[in-house]
Amino acid sequence: MSNKSKSKNKNEGKRDFLIVSTYAMAGIGAAAVAWPLIDQMNPAADTLALASTEVDISSLEEGQAITVTWRGKPVFVRHRTPEEIKLAKDVSLDDMRHPETDEERVPNEKFIVLVGVCTHLGCVPLGQKSGDVKGQYGGWFCPCHGSHYDHSGRIRKGPAPTNLEVPSYKFLSNNVIKIG
Amino acid sequence: MSKSKFKNPVVKWIDYRLPIFSFMDHELNHYPTPKNLNYFWNFGSLAGFALVTMIVSGIVLSMNYTAHVDYAFDSVERIMRDVNHGWLIRYIHMNGASFFFIVVYIHIFRGLYYGSYKAPRELLWILGVLILLLMMATAFMGYVLPWGQMSFWGATVITNLFSAIPFVGESIVTWLWGGFSVDNSTLNRFFSLHFVLPFVIVGVVILHLIALHRFGSNNPIGIDVRGTQDTVPFSPYYTIKDLFGLSVFLSFFAAAVFFFPNFMGHPDNYIEANPMVTPAHIVPEWYFLPFYAILRAIPDKLGGVLFMFGAIAVLFVLPWLDRSPVRSSQFRPIFKIFFWILFLDCILLGYLGAMPAEGIYVILSRIATAYYFFHFLILFPLLPYIEKTKPLPISISEPILGGGSTASAFAVREKK
Amino acid sequence: MNRVSSCFFSRNILKLFFSLVIICSSNSSFAAGEKISYPQLNWSFAGILGTFDRTSQQRGLQVYKEVCSGCHGMRLLAYRNLKSIGYNDDEIKAFAAENTVNTINDDGEIVERPARPSDKFVSPYPNDKAARAANGGAYPPDLSLIVKARPDGANYLHALLTGYVEAPAEKNVPDGMYYNKYYSGNLIGMPQPLYDDGVEYADGTKATPYQMAKDVTAFLAWASEPEMEDRKRLGISVMLFLLLLTALSYFAMKQIWAPIKKQ
Chain A
24 MSNKSKSKNK
34 NEGKRDFLIV
44 STYAMAGIGA
54 AAVAWPLIDQ
64 MNPAADTLAL
74 ASTEVDISSL
84 EEGQAITVTW
94 RGKPVFVRHR
104 TPEEIKLAKD
114 VSLDDMRHPE
124 TDEERVPNEK
134 FIVLVGVCTH
144 LGCVPLGQKS
154 GDVKGQYGGW
164 FCPCHGSHYD
174 HSGRIRKGPA
184 PTNLEVPSYK
194 FLSNNVIKIG
Chain B
19 MSKSKFKNPV
29 VKWIDYRLPI
39 FSFMDHELNH
49 YPTPKNLNYF
59 WNFGSLAGFA
69 LVTMIVSGIV
79 LSMNYTAHVD
89 YAFDSVERIM
99 RDVNHGWLIR
109 YIHMNGASFF
119 FIVVYIHIFR
129 GLYYGSYKAP
139 RELLWILGVL
149 ILLLMMATAF
159 MGYVLPWGQM
169 SFWGATVITN
179 LFSAIPFVGE
189 SIVTWLWGGF
199 SVDNSTLNRF
209 FSLHFVLPFV
219 IVGVVILHLI
229 ALHRFGSNNP
239 IGIDVRGTQD
249 TVPFSPYYTI
259 KDLFGLSVFL
269 SFFAAAVFFF
279 PNFMGHPDNY
289 IEANPMVTPA
299 HIVPEWYFLP
309 FYAILRAIPD
319 KLGGVLFMFG
329 AIAVLFVLPW
339 LDRSPVRSSQ
349 FRPIFKIFFW
359 ILFLDCILLG
369 YLGAMPAEGI
379 YVILSRIATA
389 YYFFHFLILF
399 PLLPYIEKTK
409 PLPISISEPI
419 LGGGSTASAF
429 AVREKK
Chain C
36 MNRVSSCFFS
46 RNILKLFFSL
56 VIICSSNSSF
66 AAGEKISYPQ
76 LNWSFAGILG
86 TFDRTSQQRG
96 LQVYKEVCSG
106 CHGMRLLAYR
116 NLKSIGYNDD
126 EIKAFAAENT
136 VNTINDDGEI
146 VERPARPSDK
156 FVSPYPNDKA
166 ARAANGGAYP
176 PDLSLIVKAR
186 PDGANYLHAL
196 LTGYVEAPAE
206 KNVPDGMYYN
216 KYYSGNLIGM
226 PQPLYDDGVE
236 YADGTKATPY
246 QMAKDVTAFL
256 AWASEPEMED
266 RKRLGISVML
276 FLLLLTALSY
286 FAMKQIWAPI
296 KKQ
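Here it is in structure tokens:
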């Protein structure tokens with residue numbers, strides 16, 4: 024017992040290093056295994072592949088709106104009337120919580136395309152149907168917690184922090200929009 | 019007794035009220051373990067690791083699996099093709115089942131060789147056999163879930179075993195199926211049970227560990243620990259040894275998962291279940307083959323089922339069948355020979371389980387089955403009357419002092 | 036003690052291991068069942084470092100499309116998956132658009148639209164019964180998993196596709212059946228699919244039945260195991276890591292146990 028303590032002292036540094044690095048290696052291995060287990064909950068390849076949808080707007084009259092599904096969420100497409108366009112453009116950005124011009128948000132001023140999910144806590148705002156409550160600013164109104172959006176989908180009143188999201192989309196022709 | 023072994027104030031605070039840290043320190047750190055354990059004692063912790071691996075990978079798979087006859091097969095293929103790292107997780111689960119059984123079978127044979135089932139460890143052994151039974155049920159139901167041809171026909175054949183029960187057999191089978199054949203109801207209940215049974219296994223494993231820690235591990239010499247000179251604390255000695263064993267195990271496991279993932283599987287299970295067509299050769303997973311061979315060796319339906327379950331039932335009463343007071347085969351020259359015969363017999367049964375049930379294979383199956391039961395029911399009780407065991411060393415430390423090998427330890431002891 | 040135990044360990048572990056290997060291999064060789072043996076080809080994707088041959092796979096896709104897809108579907112494969120055998124987005128879009136899928140329009144009518152990259156390969160028949168009815172009762176199996184679903188799949192498939200020979204005089208070949216020396220029972224419902232120049236390869240490769248069978252098998256092997264290259268690549272890193280961990284933990288174990296062994 025006593026003669027071993029001598030050699031122990033001599034090799035202690037080397038020994039500790041070996042043992043510590045062994046357990047460190049094992050720890051790294053365990054951490055690396057965690058990644059696949061976490062990543063499997065991210066969208067799978069087939070889910071990502073469904074990321075675009077095409078909308079035919081040829082039958083959408085002025086003042087009408089349709090709701091389409093994109094990535095499992097509602098997307099609002101509205102054919103705005105000239106008054107609505109005017110209201111959306113002729114407004115001061117100074118008082119807005121999330122100031123954006125209508126031109127930034129709506130490339131083709133007649134057709135506004137929005138992700139129909141309230142930026143507060145994810146409810147679907149009212150305002151697509153003609154009889155819906157549209158809120159004080161005439162655009163959309165979220166009934167869950169009372170967020171008011173204007174004709175450009177901008178948050179004007181209520182708890183929502185940002186404007187309604189504009190998805191990436193493009194006009195494939197005058198009548199077809201590709202979302203995503 | 020020291021006041022508190024913990025320096026960290028939070029740990030100290032918690033431990034004073036809820037002594038989990040003391041418990042863990044006692045059971046995992048200081049736990050006195052015989053110092054002469056060989057590598058076969060690694061397989062207990064490996065089995066625990068395999069169980070955790072199966073549960074973790076299984077939970078993750080269940081997040082992506084659909085238990086419906088129309089979608090099950092495709093949802094598994096979606097896991098293989100589209101889910102991020104899905105193929106890895108699924109192959110880990112699939113090969114993990116095989117490796118779990120390899121580890122557990124070695125663990126069981128170790129117990130047989132070194133007499134680990136003898137007093138005072140009878141309950142420890144019985145709990146272990148119970149774990150084996152639960153594992154088999156879980157593995158069987160898990161194999162049904164991918165809804166391939168082997169899944170379907172395996173489920174059909176194995177559930178039909180219960181129809182051998184007189185009078186109520188047919189009703190039991192209908193009840194198991196929830197219908198008149200293996201179908202959607204069957205798949206759903208198997209998924210439910212496959213998910214929950216592993217947690218029952220965890221419960222029994224905890225009991226298994228409590229029973230183990232009551233008297234501590236057996237050891238290759240099979241004599242009781244006489245004092246602290248015979249033991250080392252579990253940590254760091256057996257933690258590092260278990261880590262080494264785990265690395266070796268994982269190397270084999272990873273080789274299978276990454277390079278031969280379907281080696282232990284069956285190609286027919288990549289064909290979607292078809293209740294109208296039975297594949298030409300249906301074979302259970304390799305870990306059931308010895309039992310399958312026993313089932314087919316008996317020409318009577320009920321008899322086959324009874325013998326198959328009897329092959330496991332006999333393990334429950336093993337501690338009372340073997341009357342020899344000597345545990346380790348190292349000191350039982352005849353027992354040791356028969357141990358290896360039993361081992362080869364089980365391998366042979368496994369081989370025969372994969373062969374068609376005809377000609378020479380049937381005859382061999384019957385001989386091998388007969389030997390299996392002879393070994394436990396006749397040889398075990400009678401052997402102590404015939405066998406002259408070798409003298410046991412006084413303590414675990416002594417053969418180590420004697421210079422490296424048990425054989426020379428005997429020489430020293432006999433001179434005394 | 037240690038020497039005894041580790042010697043016992045290595046000897047018996049080896050025994051155990053080999054017995055298990057024997058069980059397993061006997062199991063799988065039994066699975067091969069019939070005594071027919073197939074010529075063993077030298078596949079680029081065999082072995083632990085093997086990878087798929089992109090040009091061969093692309094030719095194989097052409098063979099599938101022009102020859103097999105008339106009867107055999109590949110419902111688990113999506114057009115977007117073709118990216119990993121070397122096609123770009125536009126090519127995949129065009130390839131997909133040659134097929135149509137049913138969809139429901141805004142008026143609730145079932146209409147056809149061109150397939151998109153996110154769609155699965157369109158099967159030739161709407162359902163199994165239609166497939167059987169069109170093929171004299173024989174069901175042309177879906178090919179998505181065919182290489183994995185047959186023992187020694189790649190060699191089997193190649194053998195089968197090139198195994199059409201004149202039936203021996205004593206063999207009675209009924210109408211609608213064909214003689215194939217590699218098919219179990221020798222009578223197969225599928226007529227010989229591959230003939231010289233059955234397709235015209237863009238890269239000028241001579242389209243012999245042997246070559247076409249090889250290409251289509253390479254394509255189908257990938258379709259069965261699209262993850263194979265990723266799997267092997269990750270496997271190499273994991274094995275290296277584990278070898279290092281095994282070595283480190285072995286020496287750490289020896290260090291820690293040294294005082295005990297010395298006693």
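Protein chains in written order, with the working numbering: chain A, 24 to 203; chain B, 19 to 434; chain C, 36 to 298. No residue lacks a Cβ here, since even glycine has one placed at the ideal position from N, Cα and C.
- Straight across, the Cα-Cα distance linking F158 (chain B) with F61 (chain B) is about 22 Å.
- As computed with DSSP, W163 (chain A) is found in a beta bridge with A:Y172.
- Each residue's CA atom was taken as its position, placing C146 (chain A) and C165 (chain A) some 7 Å apart.
- Spatial neighbours of Q63 (chain A) in its own chain (CB-CB distance under 6 Å, excluding positions within 5 residues in sequence) are not present.
- Remark: C-beta atoms of G187 (chain B) and F198 (chain B) do not approach each other more closely than 8 Å.
- For G188 (chain C), the C-beta contacts it makes with chain B under 8 Å involve P285, in order along the chain.
- Residues of chain A whose Cβ lies closer than 8 Å to the Cβ of D260 (chain B) do not exist, since the nearest Cβ in that chain is about 11 Å away.
- Exclusion of the five residues before and after H171 (chain A) leaves G158, Q159, Y160, F164, R179, K180, G181 as the residues of its chain whose Cβ lies within less than 7 Å of its Cβ.
- Straight across, the Cα-Cα distance linking T71 (chain B) with Y109 (chain B) is about 12 Å.
- Listed in chain order, the alpha helix (DSSP H) runs fully inside the stretch 87-169 of chain C are 89-101, 124-132, 163-169, counting runs of at least 4 residues.
- Here G166 (chain B) carries a strand assignment [DSSP, helix/strand/coil].
- Taking R94 (chain C) as reference, the option from C:K216, C:Y73, C:P294, C:A237 with the minimal CA-CA separation is C:A237.
- Using a Cβ distance threshold of 8 Å, Q167 (chain B) and D43 (chain B) do not count as a contacting pair.
- Residue-level contact by beta carbon holds for W292 (chain C) and chain B, with a gap shorter than 8 Å.
- Remark: C-beta atoms of P399 (chain B) and L339 (chain B) approach each other more closely than 8 Å.
- Contact note: I289 (chain B) reaches chain C through A184, using a C-beta cutoff of 7 Å and chain order.
- The CB of N102 (chain B) comes closer than 7 Å to the CB of D62, Q63, N65, A67 in chain A, given here in chain order.
- Exclusion of the five residues before and after G105 (chain C) leaves P159 as the residues of its chain whose Cβ lies within less than 7 Å of its Cβ.
- Closest in alpha carbon position to V335 (chain B), among B:V28, B:A90, B:S235, B:I144, is B:I144.
- DSSP places E127 (chain A) within a helical segment (H, G or I) once states are collapsed to three.
- Cβ-Cβ distances below 8 Å link Y255 (chain B) to T51, K53 in the same chain, with the five nearest sequence neighbours on each side left out; the list follows chain order.
- With distances taken between CA atoms, N140 (chain C) lies nearest to A:V78 out of A:E127, A:V78, A:R128, A:P59.
- With a threshold of 8 Å between beta carbons, S269 (chain B) makes contact with chain C.
- Among the residues of chain C, those whose CB is under 7 Å from the CB of G52 (chain A) are F276, L280, following chain order.
- The CB of K53 (chain B) comes closer than 8 Å to the CB of I295 in chain C, given here in chain order.
- Below the 8 Å Cβ cutoff, chain C contributes G270, V273, M274, L277 as neighbours of A272 (chain B), in chain order.
- For F276 (chain C), the closest of A:E127, A:I200, A:M48, A:P66 by C-alpha to C-alpha distance is A:M48.
- Sixteen is the threshold: since fewer than 16 other Cβ atoms of the shown chains lie within 10 Å of the Cβ of Q75 (chain C), the residue is exposed.
- The C-beta of A74 (chain A) comes no closer than 8 Å to any C-beta of chain B.
- L144 (chain A) and E123 (chain A) have their C-alpha atoms roughly 21 Å apart.
- In its chain, beyond the 5 residues on either side, H121, E123, R128, T142, Y172, S175, G176, R177, I178 have a beta carbon closer than 8 Å to the beta carbon of N186 (chain A).
- About 5 Å separates the CB atoms of L370 (chain B) and Y379 (chain B); that is less than 8 Å, so the two are in contact.
- S63 (chain B) counts as buried, since at least 16 other C-beta atoms from the protein chains shown sit within 10 angstroms of its C-beta.
- The C-beta distance from V98 (chain A) to V138 (chain A) rounds to 6 Å, short enough to fall under 8 Å.
- Taking 8 Å as the cut-off, the Cβ atoms of N113 (chain B) and P279 (chain B) count as close.
- In this structure, DSSP gives N206 (chain B) a helical state, which the three-state scheme calls helix.
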